[in-house]
Amino acid sequence: MSGGDERGGGQPVTCVICLEEFDWDGSRVFRRNAQGIPEPVTLPARESLRWSAEAKGTIIRCPNRIGDDAHYFPVGFVLNDRPIVIGLVGNSSAGKTCLLAAMSGEIDRQRLGPRGLQTVPVNLTEHSQYRTAVVDPFYTRGIAPPHTNITDLVRYADSVLLTSYSGHSFPLVFFDAAGEQLKGLHGDEVALRFLHRVDGLIFVADPTLALDSARRGNDSGIIDDPTYAATIAGLRDRPSEAHRRRLSIPAALAITKSDLLRFEPPVDQWLSRPAPSVLDVELLHRESRDAYAFLYQRRATAWLSPVDQFEQCSLHFVSASGSSFIQPAGDGELGRFARPARPRRVLEPLVTLLAALGRIDDHFVRGS
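At position 326 of the sequence shown the residue is numbered 326 (the UniProt record's numbering), and the sequence of numbers has no breaks.
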């Protein structure tokens, strides 16, 4: 349900949490008090010399409610380039939540710096809560992030503000798609906005399922992932994609849990390789070829559908945790990994997407 007080004439903006577009007049904002409760603040006119100083640390309330809850995002997110929306696609057991936590942790640690992107601090309560509740326990104690709540078809996961080497700042927003439920996406407003607004997709595949299937003597290949099929079908409803043979937005396929296969070729070669300081296009093509062959030889051909469906689709070996998972001992216990998270190459799929979207400056790209 949408309220009317935040709408009206003004600057068109996009909420990074629900992707609702609305007009913002530049004056109606909130500031959190000592208890974290948003309190209304009225800014001076945009032309005022005091506007920038008084706008720092303030937040905008989106007029679109998710359930019964209001949500807010920093003013800083609407003062820069349009948000880049990245979706993580895959079923709930593929390691998607761990990959997202690892990516968020690496971004906060400025691991995108060698690619010319710096994280800009913003007063985003949701990001701080996600870091405290999910990322920090994963990095410091090996606590496994909770699985996606499959009652949400598409769920806002995290967002940060990045600045490129050339000085352009833009919000980077992550959404988590609950694959098992996406078949009902046409009745869900957030899911539909996501499909019409998403800029790039990271498809997540669990290679251990392919190995388990091969050990059982299953020659038929992996059953099609419902997330992949539903997402691709939903993207076909975008007017810009309706008559294209291949979808135009960039995609990447992340083969997660690769640390469990670190002694198998070609996984060993790529997982032990440090992330390059630039995006090397030749290396990217080589890794994509090796990863494609790895899945194809193990009859995991259903996971290769993005390669056929998208004009641009790279493939990557990644490891979010770097160690084996330990099942919880009993009810109420948390799942954990054998040691604190040691991510490997988790930013490579994201870097490839950002380069395809023109957000990595040419100075940090080698080859063509």
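The C-beta atom is built at its ideal place from N, Cα and C for all residues, glycine as well.
Quick caveat: nothing in here was measured; it's all calculated off a predicted structure.
- For glutamine 118, the beta-bridge partners assigned by DSSP are Thr163.
- Under a 10 Å Cβ-count criterion, phenylalanine 317 is classified as buried, with 16 or more other Cβ atoms of the shown protein chains found around its own Cβ.
- Per DSSP, the unbroken beta strand (DSSP E) holding isoleucine 202 starts and ends at 200 to 205.
- Within a 10 Å sphere around the beta-carbon of arginine 193 sit 16 or more other beta-carbons, which makes this residue buried.
- The residue among Leu99, Ser164, Glu126 and Cys98 with its C-alpha nearest the C-alpha of threonine 119 is Ser164.
- From the listed residues Pro40, Leu124 and Ala45, the smallest Cα separation to phenylalanine 73 is found for Leu124.
- The stretch 300 to 307 makes contact with the stretch 242 to 261: 3 or more CB pairs, one atom from each, lie closer than 8 Å.
- Three or more beta-carbon pairs separated by less than 8 Å link the stretch 268 to 282 to the stretch 346 to 366, which places the two stretches in contact.
- Here glycine 142 is near arginine 339, since their CB atoms are less than 8 Å apart.
- Of Ser169, Val13 and Ile255, the smallest CA-CA separation from aspartate 23 is found for Val13.
- Taking one beta carbon from each stretch, the stretch 84 to 91 and the stretch 227 to 234 have 3 or more pairs nearer than 8 Å; the two touch.
- Around the beta carbon of serine 93, a 10 Å sphere encloses fewer than 16 other beta carbons of the protein chains shown; the residue is thus reported as exposed.
- Secondary structure of isoleucine 86 (DSSP, three-state): strand.
- Between phenylalanine 138 and alanine 341, the C-beta gap is smaller than 8 Å, which places the two residues in contact.
- Within 10 angstroms of the beta-carbon of aspartate 25 lie fewer than 16 other beta-carbons, which makes it exposed.
- Alanine 177 is bridged by DSSP to Val89 and Val154.
- Contact between the stretch 328 to 339 and the stretch 252 to 266 is absent, with fewer than three C-beta pairs closer than 8 Å.
- Sixteen is the threshold: since fewer than 16 other Cβ atoms of the shown chains lie within 10 Å of the Cβ of isoleucine 37, the residue is exposed.
- The stretch 99 to 115 makes contact with the stretch 346 to 362; the number of CB pairs closer than 8 Å reaches 3 or more.
- For proline 328, the three-state secondary structure derived from DSSP is coil.
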